[in-house]
Every structure is written in C-alpha cells, then in structure tokens.
C-alpha cells in the first residue's frame, strides 16, 4: 500500500472500486511524477495494468472456455432461471414494475431501468485489491 501518502492510496482504491481505471492510472502517474524514487505507485500501476490486461484477455477469449462447454452453457439458459423477474413483471411490497428481457448488448452505460438480462458467469478474475462485499 502507499503508506507515505494515505490519501493517494485511499483515492486510488476508491477509483478502482468505482471501476474508474483510467483515473486510477492517471493518479498513479501523478504520484510517480511527484516522487519518482517512491516505488509503490509504479508497482501498483503495473499491477492494475496486468489486471486490466487479464480482464481484457478473458473477455476476448470468452473466459477461455472450450467451444463445446460455452455452447452447453448458452443452450442451458432458460427464462425460468429469472425466477421472480420472469414474465415481464416484478412485484414487491405492492409495487409492480414492467420488465423487458434484453441481451447484454441491449444495455446502455448507466442505469437500465425496467430491463433484465439472463446469462451465466463464464469466469472470474482475481484481484488482490478487491473490496470485500
């Protein structure tokens, strides 16, 4: 961790948690420019770049699943797996919401109100700095 400037460390951790990776990388670069002899910013920046490369590789290669396994997963998708979100409506505490089943490609950045997606996790990415849920 960046112990010399805990504010930098906390700010970068928050940026990473918010998935603001470009801003986190810029913060590491700024910390390096302020003290080029201080190793943690350079190390943490390299770790973040490695993590992002790993994520990009797994997305590009569909989690490195074999084609047959991926096809089995896709074919096993069933709207019944949506549970209470199937059927186009969800009701909770007397309030009802109309839902539209959309593919992941049908989502927009930001809030996607009244939309539901169905999918399966094909891989997970290990991150040493992850925030416990």
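Numbering (the working numbering), first residue to last: 1 to 133.
Ideal placement from N, C-alpha and C gives every residue a C-beta, glycine not left out.
Is the Cβ-Cβ distance between residue i and residue j less than 8 Å?
| i | j | result |
| --- | --- | --- |
| residue 152 | residue 31 | Absent from the model: residue 152. The displayed extent of the chain is 1 to 133, so no value can be given. |
| residue 129 | residue 56 | no |
In or out: residue i buried (at least 16 other Cβ within 10 Å) or exposed?
| i | result |
| --- | --- |
| residue 126 | exposed |
| residue 27 | buried |
| residue 41 | buried |
Since residue i is in the alpha helix (DSSP H), which residue starts that stretch and which ends it?
| i | result |
| --- | --- |
| residue 33 | 21–34 |
| residue 46 | 39–60 |
| residue 66 | No alpha helix (DSSP H) contains residue 66, which DSSP labels as neither H nor E. |
Thinking C-alpha only, which one of the options is nearest residue i?
| i | options | result |
| --- | --- | --- |
| residue 16 | 35, 40 and 45 | 45 |
| residue 82 | 120, 56 and 72 | 120 |
| residue 78 | 117, 50, 92 and 61 | 117 |
Give the DSSP bridge partners of residue i, in chain order.
| i | result |
| --- | --- |
| residue 89 | 98 |
| residue 137 | Since the first and last residues shown for the chain are 1 and 133, residue 137 lies out of range. |
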